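Below is one structure; the comments refer to it alone.
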Amino acid sequence: MGFFDKFKKKEIKMNVFDTINKSDWLQVFSYCLGKMMVIQNNASEYVVKNQNWNVDFSKGIIAFGNDEYPVQFIGSESNVSNTWNWGWNNINKFKDAILVLANETLVNGFECNLDALKLAQFELDEIYNGHHLSIVACGLSKDNYFYYRGPHDKGAVLMAVGNVPKEVFSPINLQEFVNLTMQCIHQFTVDHKIFVEALLEWNKTSYTWKNDVLIAHFNQDLYITFEKVDEFYRIIEINTNKL
Numbered sequence: 036m037g038f039f040d041k042f043k044k045k046e047i048k049m050n051v052f053d054t055i056n057k058s059d060w061l062q063v064f065s066y067c068l069g070k071m072m073v074i075q076n077n078a079s080e081y082v083v084k085n086q087n088w089n090v091d092f093s094k095g096i097i098a099f100g101n102d103e104y105p106v107q108f109i110g111s112e113s114n115v116s117n118t119w120n121w122g123w124n125n126i127n128k129f130k131d132a133i134l135v136l137a138n139e140t141l142v143n144g145f146e147c148n149l150d151a152l153k154l155a156q157f158e159l160d161e162i163y164n165g166h167h168l169s170i171v172a173c174g175l176s177k178d179n180y181f182y183y184r185g186p187h188d189k190g191a192v193l194m195a196v197g198n199v200p201k202e203v204f205s206p207i208n209l210q211e212f213v214n215l216t217m218q219c220i221h222q223f224t225v226d227h228k229i230f231v232e233a234l235l236e237w238n239k240t241s242y243t244w245k246n247d248v249l250i251a252h253f254n255q256d257l258y259i260t261f262e263k264v265d266e267f268y269r270i271i272e273i274n275t276n277k278l
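As numbered in my numbering, residues 36 to 278 make up the sequence shown, in order.
Spelled out as structure tokens, the structure:
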């Protein structure tokens, strides 16, 4: 029996995170990416709005224009040493109150045996950078955040923003799902199957499998055909035509 056969004509009701290899960065990143892209896009529209930003870590507050929100310090990028430093390492001696997410990320790193979350400092590259690490930190969190990258002269601080309007976490429709999926699979290296299933689960969109085709039940069914390449799955066709 092939991998997809066991899902044939069965509606999937499971936690996608339980099905992935949690010590594999690609799989964890693929799991987190979709929902975080939706959240980031919504946050740009409903919170950031191209406004000036200002952060006060002593008060645990970030402001966009005149609106203030509680902030968590995720970590920092250094242009001088080309390194990432996790907030839980706390070289800035911040109060524990703004390091809750960073410390949660460290716990997730040990529970998943994921080195990128356990090493206090390491070199930045195309895979491990502030954006990608923040996507995973926020994507694995039990709380709802979007992240914000605040550049400065010597690098950037990565922050998680909480207590934001509920619209930031609102679901997407079929066309938005297709657009986002195509954007992400072209822009990032991901396991397409994990990406799609995780995003549908977060979006609360039910789906079924028929052989190697996932059928997502939006207001109109969406058919996504996969093939396995080496150790991960990729989309070879996506459309609304019936099989």
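We treat Cβ as the ideally placed atom computed from N, Cα and C, and that holds for glycine. Since we're looking at a predicted model, the values are computed, not measured.
- Collapsing the DSSP output to three states places glutamine 255 in coil.
- Check the Cα spacing between glycine 144 and each of Lys245, Gln255, Trp244 and Trp60: the tightest is with Trp60.
- Methionine 194 has Phe108 and Tyr183 as its beta-bridge partners, per DSSP.
- For threonine 118 against glutamine 156, the beta-carbon gap comes to about 5 angstroms, under 8 angstroms, which counts as contact.
- Looking from the CA of valine 203, the closest CA among Asn50, Asn85, Gly100 and Asn77 belongs to Asn77.
- For isoleucine 270, no alpha helix (DSSP H) run applies; the uninterrupted beta strand (DSSP E) run containing it begins and ends at 267–274, by DSSP.
- Note on tryptophan 244: 16 or more other CB atoms within 10 angstroms of its CB, so buried under the neighbour-count rule.
- As a beta-bridge residue in DSSP terms, alanine 98 pairs with Asn89 and Glu103.
- In the three-state scheme derived from DSSP, where H, G and I count as helix and E and B as strand, phenylalanine 204 is classed as helix.
- Across the structure, isoleucine 133 and glycine 197 are spaced so that their CA atoms are roughly 11 angstroms apart.
- When the alpha-carbon of aspartate 265 is set against those of Asn254, Ser241, Asp226 and Ala233, the nearest one is in Asp226.
- In the DSSP annotation of this structure, threonine 118 is not part of any alpha helix (DSSP H); the continuous beta strand (DSSP E) holding it starts and ends at 118–121.
- Of the residues assessed, lysine 130 falls on the exposed side of the cut-off, its CB having fewer than 16 other CB atoms within 10 angstroms.
- Look at threonine 54 here: in three-state DSSP terms it is helix.
- Pairwise C-beta distances place the region 230–243 out of contact with the region 184–198, as fewer than three of them are shorter than 8 angstroms.
- With fewer than 16 other CB atoms across the displayed protein chains lying within 10 angstroms of its CB, aspartate 53 is exposed.
- Exposed is the label assigned to aspartate 188, since fewer than 16 other Cβ atoms lie within 10 Å of its Cβ.
- The beta carbon of lysine 153 lies closer than 8 angstroms to those of Leu141, Gly144 and Phe145 in the same chain, with the five residues before and after it left out.
- Residue nearest to asparagine 50 within the set Gln210, Gln222, Glu232 and Ile220 is Glu232 (criterion: CA-CA distance).
- The three-state secondary structure of glutamate 161, taken from DSSP, is coil.
- Going by C-alpha positions, valine 192 is about 10 angstroms away from valine 90.
- A buried status is given to glycine 165, since no fewer than 16 other beta-carbon atoms sit within 10 Å of its beta-carbon.
- The alpha-carbon separation between alanine 137 and alanine 172 amounts to approximately 8 angstroms.
- Contact between phenylalanine 99 and isoleucine 170 fails: their C-beta atoms lie close to 20 angstroms from each other, not under 8 angstroms.
- Annotated three-state conformation of threonine 216 is helix, per DSSP.
- Of the residues assessed, histidine 221 falls on the exposed side of the cut-off, its CB having fewer than 16 other CB atoms within 10 angstroms.
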